[in-house]
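Residue numbers (this note's numbering): 67 to 337. Read the structure below first, then the notes.
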């Protein structure tokens, strides 16, 4: 929301405010290009994604319709406590489902619980993956747990879109136990979300939900309650600045931001 200026009625007009907004956006992006590479943002906190100008990695962007591998973003006014500020990754999609059959399954990507996998699944306690945090994927699922990862060669896994895979716990345990892969490459979700075709249509057309493509690194980040805010900020500020992403877990002194998105990021971190 723009501040109200008192010295002139003209400066309060929509056209004047829009011009001011555009001017400030161009100025902040130019300043960021000069300042960020040399100094970085010293936030003292890790952030899911670092943005570097010139990176070949695609942006976060809006989709017209949801599909396999996309992320559904809850609206600001969502009142279901499970789905409030939720970013839901769609990992199953049945194009042949009718209006009453489950069409899509997804998991909330960043709603971490206080429990480790071994605490909720005693058979995995003390195993290489038993110490991984457990995430709440949704309300449905009969207490089932799924494992998500980026490794195509894991036996027993299947692709779920966006370069991600689900399943293959036994082989993953072997690889982590031998030191071939880190345990942090695997993310576990307790339960999931499920919607019919009609529910999805109503969510997007009436309920204010947004479908977006996001890099898989964001989905796999071991972070709590950051994805929804970051993706929304990227859709608003990141596209205007045409900023690209270097998707790595960087320390607090190495993040370089395109400031049009960086201003939104700073606001998030300050909350």
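Here a beta-carbon is modelled for each residue, glycine too, at the ideal position from N, C-alpha and C. This one's a predicted model, so the numbers in the text were calculated from it and none came from an experiment.
Discussion item. Residues in the same chain with beta-carbon distance under 8 angstroms from residue 163, minus the five sequence neighbours each way, listed in chain order, please.
Written reply: Locating residue 163 in the chain shown gives position 97, where the first residue counts as 1. Apart from sequence neighbours up to five positions away, the residues of its chain that approach residue 163 with a beta-carbon distance below 8 angstroms are 169, 262 and 263, ordered along the chain.
Practice prompt. Helix, strand or coil for residue 283, going by three-state DSSP, please let me know.
Written response: Working through the chain shown from its first residue, we reach residue 283 at position 217. Here residue 283 carries a helix assignment [DSSP, helix/strand/coil].
Item to complete: Provide the residue(s) that pair with residue 253 in DSSP beta bridges, ordered along the chain.
Response: Position 187 of the chain shown, counted from the start, is the residue given in the question as residue 253. According to DSSP, which records beta bridges pairwise, residue 253 is partnered with 214.
Worksheet entry | N-terminal and C-terminal residue of the beta strand (DSSP E) that residue 244 is part of | Reading the chain shown from its first residue, position 178 is the one you call residue 244. Neither: residue 244 is in no beta strand (DSSP E) and is coded neither H nor E.
Worksheet item: Just the Cα atoms here: how many angstroms apart are residue 239 and residue 158?
Response: Your numbering for residue 239 matches position 173 in the chain shown. Your numbering for residue 158 matches position 92 in the chain shown. Near 24 angstroms, if we compare the C-alpha coordinates of residue 158 and residue 239.
Item to complete: Take residue 136 and list the residues in its own chain whose beta-carbon comes closer than 7 angstroms to its own, dropping the five residues that flank it on each side.
Response: Along the chain shown, one-based indexing puts residue 136 at 70. Correct list, in chain order: 129, 156, 277, 278 and 279.
Fill in: Residue environment, residue 302, which counts as buried when at least 16 other CB atoms sit within 10 Å
Position 236 of the chain shown, counted from the start, is the residue given in the question as residue 302. Answer is exposed; the Cβ neighbour count stays below 16.
Item to complete: Measure the C-alpha to C-alpha separation of residue 295 and residue 154 and round it to an integer number of angstroms.
Response: Translated into the one-based positions of the chain shown, residue 295 becomes position 229. Translated into the one-based positions of the chain shown, residue 154 becomes position 88. As the crow flies, the alpha-carbon of residue 295 is around 13 angstroms from that of residue 154.
Discussion item. On the CB-based measure, 16 or more other CB atoms within 10 Å of its CB, does residue 147 come out buried or exposed?
Written reply: Residue mapping note: residue 147 aligns to position 81 of the chain shown, counting from 1. Label assigned to residue 147: exposed.
Worksheet item: Should residue 161 go down as buried or exposed, given a rule of 16 or more other Cβ atoms within 10 Å for buried?
Response: Your numbering for residue 161 matches position 95 in the chain shown. Label assigned to residue 161: exposed.
Worksheet item: By Cβ distance, which residues of its chain are closer than 7 angstroms to residue 181, with the 5 residues on each side in sequence left out?
Response: Within the chain shown, numbered from 1, the residue matching residue 181 stands at position 115. If we look at residue 181 and ignore the five residues flanking it on each side, its Cβ neighbours are 200.
Discussion item. Using the Cβ count rule (16 or more neighbours within 10 Å means buried), how would you classify residue 271?
Written reply: Sequence index remark: in the chain shown, residue 271 carries index 205 (1-based). Residue 271 counts as exposed, since fewer than 16 other C-beta atoms from the protein chains shown sit within 10 angstroms of its C-beta.
Worksheet entry | Endpoints, the alpha helix (DSSP H) within which residue 159 is located | Within the chain shown, residue 159 is the residue found at index 93, counting from 1. Careful: residue 159 lies outside any alpha helix (DSSP H), inside the beta strand (DSSP E) at 153 to 159.
Discussion item. Taking its Cβ as the centre, do 16 or more other Cβ atoms sit within 10 Å of residue 176, making it buried, or is it exposed?
Written reply: Indexing the chain shown from 1 puts residue 176 at position 110. A buried status is given to residue 176, since no fewer than 16 other beta-carbon atoms sit within 10 Å of its beta-carbon.
Worksheet item: Among residues of its own chain, excluding the 5 on either side of residue 291, which ones have a beta-carbon nearer than 6 angstroms to its beta-carbon?
Response: Here residue 291 corresponds to residue number 225 of the chain shown, with the count starting at 1. Taken in chain order, the residues that qualify are 176.
Worksheet item: Is the CB-CB distance between residue 126 and residue 299 below 7 angstroms?
Response: Residue mapping note: residue 126 aligns to position 60 of the chain shown, counting from 1. Residue mapping note: residue 299 aligns to position 233 of the chain shown, counting from 1. Contact: no.
Item to complete: Tell me residue 259's beta-bridge partners as DSSP assigns them.
Response: As a position in the chain shown, residue 259 is number 193, starting the count at 1. BP columns for residue 259 point to 172.
Item to complete: Classify residue 194 as helix, strand or coil using the three-state DSSP reduction.
Response: Residue mapping note: residue 194 aligns to position 128 of the chain shown, counting from 1. Of the three classes helix, strand and coil, the one that applies to residue 194 here is coil, per DSSP.
Discussion item. Starting from residue 148, trace the alpha helix (DSSP H) in both directions and tell me its first and last residue.
Written reply: Here residue 148 refers to the residue found at position 82 of the chain shown. For residue 148, there is no enclosing alpha helix (DSSP H), as DSSP marks it with neither H nor E.
Discussion item. Does residue 226 come out as helix, strand or coil in the three-state DSSP assignment?
Written reply: If you number the chain shown from 1, residue 226 lands on position 160. Look at residue 226 here: in three-state DSSP terms it is strand.
Fill in: residue 252 versus residue 223: straight-line alpha-carbon distance, rounded
Residue numbering aside, residue 252 sits at position 186 when the chain shown is read from its first letter. Residue numbering aside, residue 223 sits at position 157 when the chain shown is read from its first letter. Whole-angstrom Cα-Cα distance: 12 angstroms.
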